[in-house]
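In this note's numbering, the protein residues as written are 511 to 909.
I have placed the structure first, in the form of structure tokens, so that the comments after it can refer back to it.
Structure follows, in structure tokens:
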């Protein structure tokens, strides 16, 4: 095998040998003139370190696929990765009343930049690097061969789609295999049913990483009045209703998501008359509730990522502190605050400290009763701490 070699800057090889999957452009002595997706060997003083695919458009120039100099990156390589991931999900997840999960989780499954979510037999494929574009057909074939019960594959590339006319069209789904999937798929999660839009919905259509946390909310909601902020299509709200919540207020700025949230109540045979669905900015709703002295027994905060770059971390932490401070001002004594961060650049400790700041400023005495991260179908390799993005904390206001 005669591959293009890229030389590492002095002293950086140990990070790759330790298992980190990224090589940044600034870490390379030379940038090859090869097409996106080309397999290259990363070397240190001409000695092999790792093998990966090249992306000339990204700050991450090489994403590592193997550290075995004898392993070929071909169809069988991707099939083995899919097979391992499939078998892992079947072994680690309780799928007795769940038919949807993350099948491939990028770096956590040894395929950096590749995400595949499985929804009741449909695989939604999302690629996060232009270097993966040449492998789209190979990945589809690997799914066809190694994912039993596959009905079809829908492509939802973040970047790198050759036929995209503009940025918006890149995020619109396209059938890559199988008969056309319906505009909406009905999935099942711990016995609850949810409609999702695999073509246009956020990310791949649903947020599977919060599955176990939604189930936790089901257990904690009985008899409580619940405020679900950033509710999207009502995942937490439906679980709160199934769990016996007295009243639920769902708030999201996406007016198109709330009708689907109502439908998700209906498909689970839950009444909506006693619940509220508010299309508005969360901050404005929280301020309005404070003016009206309206309070709740359980408040759920699941905002979008506040820090999409390292430079945004400081502002993100201030944002988390402010948001949680507003929420605590509406929490009844003895109530529960379930608060999340999906910002990978915000560490668990920094997020915890932001909540601590909010509690101090509102005079709230909080006890941490649950601390959770990603579920088993979103694995985090120990050599890649950047993959530990989801934090979900539940606090109780101690009377």
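In this text, a Cβ means the ideal position worked out from N, Cα and C, and glycines have one as well.
Remember, predicted model here, so these are calculated numbers, not experimental data.
Can you tell me which residues form a DSSP beta bridge with residue i?
{"i": "residue 809", "result": "737 and 847"}
{"i": "residue 709", "result": "Residue 709 is not bridged to any residue."}
{"i": "residue 915", "result": "Outside the modelled stretch of the chain, which goes from 511 to 909, sits residue 915, for which no answer is possible."}
{"i": "residue 702", "result": "699"}
{"i": "residue 664", "result": "634 and 685"}
{"i": "residue 841", "result": "806"}
{"i": "residue 629", "result": "610 and 632"}
{"i": "residue 550", "result": "514 and 562"}
With respect to the beta strand (DSSP E) encompassing residue i, which residues constitute its N-terminal and C-terminal limits?
{"i": "residue 786", "result": "786 to 789"}
{"i": "residue 638", "result": "Segment: none, residue 638 is in no beta strand (DSSP E) and carries neither H nor E."}
{"i": "residue 757", "result": "757 to 762"}
{"i": "residue 699", "result": "695 to 699"}
Can you tell me where the alpha helix (DSSP H) holding residue i begins and where it ends?
{"i": "residue 781", "result": "That residue, residue 781, is in no alpha helix (DSSP H); it is neither H nor E in DSSP."}
{"i": "residue 835", "result": "823 to 838"}
{"i": "residue 896", "result": "It is not in any alpha helix (DSSP H) - residue 896 carries neither H nor E in the DSSP assignment."}
{"i": "residue 649", "result": "646 to 656"}
{"i": "residue 720", "result": "Residue 720 -> no alpha helix (DSSP H), and no H or E assigned at all."}
{"i": "residue 794", "result": "792 to 801"}
{"i": "residue 731", "result": "Run containing residue 731: none; DSSP gives neither H nor E here."}
{"i": "residue 859", "result": "858 to 872"}
Among residues of its own chain, excluding the 5 on either side of residue i, which ones have a beta-carbon nearer than 6 Å to its beta-carbon?
{"i": "residue 676", "result": "Only weak support is given to the placement of residue 676: the predicted model assigns it a pLDDT of 32, under 50, and the value that follows is read from those uncertain coordinates. Nothing listed; no residue qualifies."}
{"i": "residue 727", "result": "746, 749 and 750"}
Under 8 Å between C-beta atoms, does residue i make it to chain B?
{"i": "residue 739", "result": "Structure shown: chain B not included; a single protein chain is present."}
Which residues in the same chain as residue i place their Cβ atom closer than 7 Å to its Cβ, once the five residues preceding and following it in sequence are excluded?
{"i": "residue 765", "result": "789"}
{"i": "residue 678", "result": "Confidence at residue 678 is low in this model, with a pLDDT of 35, below 50, so the placement of that residue is unreliable and no value is reported for it."}
{"i": "residue 530", "result": "893 and 894"}
{"i": "residue 535", "result": "541, 569 and 571"}
{"i": "residue 663", "result": "633, 635, 650, 653, 686, 687 and 688"}
Suppose the cutoff is 8 Å on Cβ atoms and the five residues either side in sequence are ignored; what does the same chain contact list for residue i look like?
{"i": "residue 596", "result": "613, 656, 657 and 658"}
{"i": "residue 836", "result": "793, 796, 797 and 800"}
Start-end ranges of the beta strand (DSSP E) lying completely within the region 552 to 626, minimum 3 residues: 557 to 564, 570 to 576 and 610 to 615
Count the C-beta pairs between the region 803 to 812 and the region 858 to 867 that are closer than 8 Å, then say yes if the count reaches three, no if not. no
For the region 514 to 540, which segments carrying the beta strand (DSSP E) assignment without a break, of at least 3 residues, lie completely within its bounds, in sequence order? 514 to 517 and 532 to 534
Are the region 878 to 889 and the region 600 to 612 in contact at 8 Å, needing three or more beta carbon pairs? yes
Is there contact between the region 701 to 714 and the region 761 to 781, where contact requires at least three CB pairs shorter than 8 Å? yes
Taking contact to mean at least 3 C-beta pairs separated by less than 8 Å, is the region 611 to 623 in contact with the region 570 to 582? yes
On the three-pair Cβ rule with 8 Å, is the region 716 to 728 touching the region 746 to 756? yes
Pair every Cβ in the region 626 to 634 with every Cβ in the region 554 to 569, then say whether three or more of these pairs are closer than 8 Å. no
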